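What follows is a single structure, written as structure tokens, with notes after it.
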Amino acid sequence: DARVTQTPRHKVTEMGQEVTMRCQPILGHNTVFWYRQTMMQGLELLAYFRNRAPLDDSGMPKDRFSAEMPDATLATLKIQPSEPRDSAVYFCASGLGAGSYTEAFFGQGTRLTVV
Amino acid sequence: SQQGEEDPQALSIQEGENATMNCSYKTSINNLQWYRQNSGRGLVHLILIRSNEREKHSGRLRVTLDTSKKSSSLLITASRAADTASYFCATPNQAGTALIFGKGTTLSVSS
Numbered sequence: 001d002a003r004v005t006q007t008p009r010h011k012v013t014e015m016g017q018e019v020t021m022r023c024q025p026i027l028g029h030n031t032v033f034w035y036r037q038t039m040m041q042g043l044e045l046l047a048y049f050r051n052r053a054p055l056d057d058s059g060m061p062k063d064r065f066s067a068e069m070p071d072a073t074l075a076t077l078k079i080q081p082s083e084p085r086d087s088a089v090y091f092c093a094s095g096l097g098a099g100s101y102t103e104a105f106f107g108q109g110t111r112l113t114v115v
Numbered sequence: 116s117q118q119g120e121e122d123p124q125a126l127s128i129q130e131g132e133n134a135t136m137n138c139s140y141k142t143s144i145n146n147l148q149w150y151r152q153n154s155g156r157g158l159v160h161l162i163l164i165r166s167n168e169r170e171k172h173s174g175r176l177r178v179t180l181d182t183s184k185k186s187s188s189l190l191i192t193a194s195r196a197a198d199t200a201s202y203f204c205a206t207p208n209q210a211g212t213a214l215i216f217g218k219g220t221t222l223s224v225s226s
């Protein structure tokens, strides 16, 4: 049963702490996306990778967010330091393809609460 | 913004009725996708329609695309309680390398 796995599913942390979210894309997929979902903004594209290379991270606040793909089976999104406004559900999605025709397969998300 | 906009924001219907959701976008696209999100879950791909297609069917789903009006619609026929979810349209970003999602239509189907 191929699926995108995200850990942790829920995270509550105090303001100023570092948060790391992990994603295991579907085996064989070459594209990984990170999205953030809030009631106010909806789904925002934060960053994405193709063949492990970062293509675009212009959607991320650069001073505190970083995204990496250390190998083909792991993508990470890190926030340091975290702030209450970062509270949201963070989704990882993977796909196979080279353009916008790529069907995105989403993980279950990490619900982050920063207090 | 390139983001598609769904309309209405919320829709409540009875089981057996049809549900229609619309998506409008601003720039030329080569394809448009629809996704569903059940409460507390990730998004699930429903259907992709290319710019040279006017209509596409998948089971009880019918999607239309009007590139001259820059709009798409998703029709769910004979709705069921299990169709209760949020529905999103997704369009390519400017580079054509990723998907940008609208804010979604929340559909509630009561039995």
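Top line first, the protein sequences correspond to chains L and S. 1 is the number of the first residue of the first sequence in our numbering; add one for each residue after it. 116 is the number of the first residue of the second sequence in our numbering; add one for each residue after it. Built from N, CA and C at the ideal position, the CB exists for glycine as well. None of these values were measured; they are calculated from a predicted model.
In the DSSP assignment, what are the bridge partners of residue i?
i               : result
H160 of chain S : S:Y150
Q129 of chain S : S:S225
A197 of chain S : In DSSP, A197 of chain S forms no bridge with anything.
M21 of chain L  : L:L77
P54 of chain L  : L:F49
M136 of chain S : S:L189
P207 of chain S : S:L214
G149 of chain L : The structure shown has nothing for residue 149 of chain L, since chain L only spans 1 to 115.
G95 of chain L  : L:T31
Return no unless some Cβ of chain S is closer than 8 Å to the Cβ of residue i.
i               : result
F91 of chain L  : yes
F106 of chain L : yes
E103 of chain L : yes
D56 of chain L  : yes
L112 of chain L : no
L27 of chain L  : no
F49 of chain L  : no
S100 of chain L : yes
F33 of chain L  : yes
G16 of chain L  : no
L77 of chain L  : no
L45 of chain L  : yes
Using a Cβ-Cβ distance cut-off of 8 Å, determine whether residue i contacts chain L.
i               : result
I215 of chain S : yes
H172 of chain S : no
L158 of chain S : yes
L222 of chain S : no
N146 of chain S : yes
K141 of chain S : no
K218 of chain S : yes
L163 of chain S : yes
P123 of chain S : no
Ordered along the chain, which non-local residues of its own chain (more than five positions away) have a Cβ less than 8 Å from that of residue i?
i               : result
E121 of chain S : M136, N137, C138, Y202, F203, C204, G217, K218, G219 and T220
Once you ignore the five residues that flank residue i on each side, which residues in its own chain have a CB closer than 7 Å to its CB?
i               : result
F106 of chain L : V4, F91 and A93
D56 of chain L  : A47 and Y48
N30 of chain L  : R50, N51 and L96
S87 of chain L  : L112, T113 and V114
A72 of chain L  : R52
Might you give, ordered along the chain, the residues of its own chain that have their beta carbon closer than 6 Å to the beta carbon of residue i, omitting 5 neighbours on each side?
i               : result
N145 of chain S : S166
R111 of chain L : H10 and V89
Please check the pair residue i and residue j, which I expect to be a contact at CB under 8 Å, by giving their CB distance rounded to whole angstroms.
i               : j               : result
K78 of chain L  : V19 of chain L  : 7 Å
R169 of chain S : L158 of chain S : Wrong, their Cβ atoms sit about 25 Å apart, outside the cutoff.
| request: Kindly confirm or deny that the segment 122–137 of chain S and the segment 36–56 of chain L touch, where touching means at least three C-beta pairs closer than 8 Å. | output: no
| message | Between the segment 10–28 of chain L and the segment 162–181 of chain S, can you find at least three pairs of beta-carbon atoms closer than 8 Å? | response | no
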